[in-house]
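Oh and the sequence shown: position 34 is 89 in my numbering, straight run, nothing missing. C-beta atoms are modelled at their ideal positions from N, C-alpha and C, and glycine is treated no differently. Predicted, not measured: the structure shown is a model, and the values here were computed from it. Before any comments, here is the structure.
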Amino acid sequence: MTTEIWQLSESELLAESAAVSHQIQLLEARRIALVAEIDTRVSREKLGFPGPAGWLTSTTLLSPSKATKIVALARGMAAFPDIADAVNTGVMSVDHAALILTFAETPPENLPEEGRDAAR
Numbered sequence: 056m057t058t059e060i061w062q063l064s065e066s067e068l069l070a071e072s073a074a075v076s077h078q079i080q081l082l083e084a085r086r087i088a089l090v091a092e093i094d095t096r097v098s099r100e101k102l103g104f105p106g107p108a109g110w111l112t113s114t115t116l117l118s119p120s121k122a123t124k125i126v127a128l129a130r131g132m133a134a135f136p137d138i139a140d141a142v143n144t145g146v147m148s149v150d151h152a153a154l155i156l157t158f159a160e161t162p163p164e165n166l167p168e169e170g171r172d173a174a175r
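As structure tokens, this is what we get:
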């Protein structure tokens, strides 16, 4: 039985909030991994949409922009498995992964080649 939030001590509030946040991160990572598989394995006919973002928007309460971001993360993490591993294990947040992927996928034009390798 779950304790009502108002009945939690201050320490319990802090601990449960941190634990729930970690669980949400892991669930977001799982959703991204699932969408990556949907993107590569499920036919557009089966989806009923031109891509997984449209399907996600229609079957969840996600906004089109959030669904598009999830698909972009799924595709980006497929190209950068080390980032995917960090997200999937809860070491890196989805938001941090999005920032890193944006940089890695489109590094600044004046970045030297050795900097590009280090950025990966």
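- When DSSP states are grouped into helix, strand and coil, glutamate 83 belongs to the helix group.
- Counting every other CB atom within 10 Å of its CB across the protein chains shown gives leucine 111 a total of 16 or more, marking it as buried.
- Residue burial is scored here from C-beta neighbours: methionine 132 has at least 16 other C-beta atoms within 10 angstroms and is therefore classed as buried.
- For phenylalanine 158, the three-state secondary structure derived from DSSP is helix.
- Contact between proline 119 and alanine 108 holds: their C-beta atoms lie close to 7 Å from each other, under 8 Å.
- Sorting Met56, Ile155, Lys121 by C-alpha distance to the C-alpha of proline 136 places Ile155 at the top.
- Isoleucine 79 counts as exposed, since fewer than 16 other beta carbons sit within 10 angstroms of its beta carbon.
- Exposure of alanine 134 is indicated by the presence of fewer than 16 other C-beta atoms within 10 angstroms of its C-beta.
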